[in-house]
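One structure is given below, encoded as structure tokens.
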Ligand SMILES: NC(=O)c1ccc[n+]([C@@H]2O[C@H](COP(=O)([O-])OP(=O)(O)OC[C@H]3O[C@@H](n4cnc5c(N)ncnc54)[C@H](OP(=O)(O)O)[C@@H]3O)[C@@H](O)[C@H]2O)c1
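In my numbering, the protein residues as written are 83 to 500.
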């Protein structure tokens, strides 16, 4: 995953965070938070890269919209696998900490800077944010903000941008999905996986092959034509059903799966690499997994692609938006997706809602492969009281907590499927 620049408002720090910066390297804060509740907001702060103990919920200075920006009173934020990788520092050129994580949110427009035609105070919106989404208030340029359909709930809207836009663009902009094609997707029960499955069902006669942890199969069996255990030899399983292979391989497990995926492509088929979930092993970054994945990917031979008539592609939505200036294209995709939503052809699957103070538990759930669909931070939700010995309790005082490498006990939550 490529680096993304931090938006400026996240650079302001509260007293608590200042204290931790001193401990973590003595960097100067960029500004001092003014007193008074109206000047403050609650936010999740990542104090440094590493384990869950690097996350804090704390007060931050309230951001104000600059020229061309929309200020959003946040109702819900999406928690993506990428946020887990950011926390670990498991991305190329990670930004500096402390930072407020999060790339997407939904809420209500509270104020606008100059030149923000098309938006009014009170509009219900969803937005992409270049970090800083996990806060009560977010300011982001209007080109990344979209008015949502009336019937779309805030949790649905927070579950929509990353998963559905990425899935749509890979299937229709990069791979040209059309009638009768076949698609292989990994992590089929996850946020992107479920968006891919739903979008495939909008085209006649598309076969979806998916891999997922076995406990998810019952819940997602209607959305995926052929489901395999994520530990099974999926290449053999696909070939038993379709000896020619598939037309599109969507791979978020870069490394040895790249070779397998390319091997499964039919002539003129497209392989798209869009993630590297497999680099996450323990609670902190594994340099071994990182090196192994990249070494294996570099073995792809372009001459073989030419001889075999295969297409290999990469896709990064955040780079497209924040580094490559394609917000106009993304806006047209969002409008098409809203139309599919209004026709009831797609609907985000929300796994569970979490209070902001429960961010560590939520992140542990995605790490433990427990989610079916999307995890949402609900800004207005009160935390469920935690047991006294719960290791994921948010530290109020900012003291260091022990890391729990491989502590994977999955806490039971009722899935929240809308
Ligand atoms: N390029 C882009 O623009 C873009 C946009 C959005 C997301 N992504 C990528 O798409 C992938 C899915 O993202 P998401 O946010 O929708 O997450 P997600 O699929 O909901 O992620 C959680 C699931 O990933 C699977 N998984 C695979 N390897 C894992 C590992 N090492 N540790 C824990 N779980 C693992 C697990 O499902 P099973 O156990 O069932 O396999 C888990 O339940 C990620 O790689 C993400 O970075 C890319």
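Beta carbons are placed, not taken as given, at the ideal position from N, Cα and C, and that holds for glycine.
Is there a C-beta anywhere in chain B that falls below 8 Å from the one on residue i?
i: residue 188; result: Among the chains of the structure shown, chain B does not appear; only one protein chain is present.
Candidates the options: which alpha carbon is nearest residue i's?
i: residue 289; options: 271, 324, 157; result: 324
i: residue 202; options: 222, 178, 229, 225; result: 229
i: residue 269; options: 247, 298, 253; result: 298
i: residue 294; options: 463, 351, 359; result: 359
i: residue 181; options: 171, 260, 121; result: 171
i: residue 255; options: 411, 388, 368; result: 411
i: residue 454; options: 356, 275, 341, 345; result: 275
i: residue 327; options: 312, 343, 334, 448; result: 343
i: residue 183; options: 318, 148, 350, 217; result: 217
i: residue 121; options: 130, 127, 131, 144; result: 144
i: residue 337; options: 329, 373, 322; result: 373
i: residue 161; options: 356, 445, 333; result: 445
Starting from residue i, trace the alpha helix (DSSP H) both ways and give me its first and last residue.
i: residue 319; result: 316 to 323
i: residue 240; result: 236 to 241
i: residue 432; result: Run containing residue 432: none in the alpha helix (DSSP H); it sits in the beta strand (DSSP E), 432 to 436.
i: residue 412; result: 409 to 424
i: residue 301; result: 299 to 302
i: residue 388; result: 384 to 390
i: residue 404; result: 399 to 404
Expressed to the nearest angstrom, what Euclidean distance is found between the alpha-carbon atoms of residue i and residue j?
i: residue 158; j: residue 386; result: 46 Å
i: residue 220; j: residue 163; result: 21 Å
i: residue 193; j: residue 177; result: 28 Å
i: residue 140; j: residue 433; result: 26 Å
i: residue 353; j: residue 416; result: 24 Å
i: residue 248; j: residue 242; result: 10 Å
i: residue 271; j: residue 277; result: 9 Å
i: residue 225; j: residue 315; result: 43 Å
i: residue 348; j: residue 331; result: 10 Å
i: residue 414; j: residue 420; result: 10 Å
i: residue 440; j: residue 350; result: 46 Å
i: residue 366; j: residue 443; result: 16 Å
i: residue 197; j: residue 146; result: 15 Å
i: residue 210; j: residue 167; result: 18 Å
i: residue 368; j: residue 340; result: 20 Å
i: residue 236; j: residue 155; result: 12 Å
i: residue 124; j: residue 137; result: 13 Å
i: residue 169; j: residue 200; result: 35 Å
i: residue 425; j: residue 285; result: 14 Å
i: residue 134; j: residue 459; result: 16 Å
i: residue 363; j: residue 370; result: 10 Å
i: residue 105; j: residue 126; result: For residue 105, the predicted model reports a pLDDT of 29, less than 50, meaning its position is unreliable; a value from the coordinates is still stated below. Near 18 Å, if we compare the C-alpha coordinates of residue 126 and residue 105.
i: residue 250; j: residue 428; result: 11 Å
i: residue 131; j: residue 261; result: 44 Å
i: residue 280; j: residue 305; result: 7 Å
Taking the continuous beta strand (DSSP E) assigned at residue i, which residues delimit it?
i: residue 145; result: No beta strand (DSSP E) holds residue 145; DSSP gives it neither H nor E.
i: residue 156; result: 151 to 161
i: residue 456; result: 456 to 460
i: residue 268; result: Element bounds for residue 268: n/a, residue is neither H nor E.
i: residue 122; result: 122 to 128
i: residue 447; result: Looking at the DSSP string, residue 447 is not in any beta strand (DSSP E); the run it does join, the alpha helix (DSSP H), is 441 to 449.
i: residue 186; result: 186 to 194
i: residue 210; result: 206 to 210
i: residue 291; result: 289 to 294
i: residue 310; result: 308 to 311
i: residue 366; result: Unbroken run through residue 366: none, as it is neither H nor E.
i: residue 222; result: 219 to 223
i: residue 395; result: 393 to 396
May I ask you to check if the CB of residue i is nearer than 7 Å to at least one heavy atom of ligand 3?
i: residue 250; result: By its list of ligands, the structure shown excludes ligand 3, since it contains just ligand 1.
Going along the chain, which unbroken runs of the alpha helix (DSSP H) with 4 or more residues stay wholly within the segment 329 to 358? 338 to 346
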